[in-house]
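Just so we're aligned: the sequence shown equals residues 40 to 206 in our numbering. Shown next, in structure tokens, is the structure this report addresses.
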Amino acid sequence: MFLVMFGVITAVGISNLQYVDLNSSRNLFIFGFSIFCGLAIPNWVNKNPERLHTGITQLDQVIQVLLTTGMFVGGFLGFLLDNTIPGSLEERGLLAWNQVQEESEETTKALEVYGLPWGIGTRFCTSSCAQYLPFWPREGAVGVSQLSLWPWDSSEERPPSATDTRM
């Protein structure tokens, strides 16, 4: 029964990848590396707890708890790699995800019911600091928060960044 329960939990978690291009070597690397590290790092830390010494006991305990939690290690590495390794919106599954979210009337109804009260979500989503975070949702046309890679609309011309070359 225990194995069946965790098998179903794992399957539901992996089903979130249905919009991601799993034929992409980028996505396969991120997925495989995150799962492997989520299994290997907690095992290594459990066998070698004396290797983690920062000189601050409380920090050692926090690091040990985080590194022995496989879900944290795998999830954090997946999040970090997905947001740092370049990939198109389609490859990352963001275009399909936004399209499903926009087309669904149930999503709009659910956001009205389960949304945060008194504009709490909109205040943080539209703050000047948060708009530059690539994973931060933005306010959509009907109050639906949309995930966008850039803090400006695709119809607008994006401002030059530090990586742009000027001739």
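For glycine and all other residues, C-beta sits at the position ideal for the given N, C-alpha and C.
What would DSSP say about residue i, mapped onto helix, strand or coil?
i	result
residue 71	helix
residue 147	helix
residue 66	helix
residue 139	helix
residue 154	coil
residue 172	coil
residue 87	coil
residue 61	coil
Locate the alpha helix (DSSP H) running through residue i, then write down its first and last residues.
i	result
residue 112	109-123
residue 44	41-54
residue 96	96-106
residue 128	128-131
Using only the alpha-carbon positions, how far apart do residue i and residue j sit?
i	j	result
residue 91	residue 112	16 Å
residue 70	residue 117	7 Å
residue 149	residue 143	10 Å
residue 58	residue 133	8 Å
residue 152	residue 119	31 Å
residue 171	residue 123	14 Å
residue 107	residue 85	7 Å
residue 121	residue 89	31 Å
residue 83	residue 167	41 Å
residue 128	residue 154	26 Å
residue 103	residue 95	12 Å
residue 97	residue 73	27 Å
Could you name the residues of the same chain whose beta carbon sits closer than 8 Å to that of residue i, not counting the 5 residues immediately before and after it, in chain order?
i	result
residue 76	112, 113 and 116
residue 99	91, 92 and 93
residue 130	59, 60, 63, 65 and 66
residue 47	none
Could you pull out every residue in the same chain whose Cβ sits closer than 7 Å to the Cβ of residue i, ignoring the five residues on either side in sequence?
i	result
residue 109	77, 78 and 81
Leaving aside the five residues before and after residue i along the sequence, list all residues of the same chain whose C-beta is less than 6 Å from its C-beta, in chain order.
i	result
residue 55	none
residue 204	Summary for residue 204: the model assigns pLDDT 42, below 50, so the residue's position carries little reliability, and this model does not support an answer.
residue 180	Summary for residue 180: the model assigns pLDDT 44, below 50, so the residue's position carries little reliability; its value from the coordinates is reported in the next sentence. So the list is empty, once near-sequence residues are dropped.
residue 135	58
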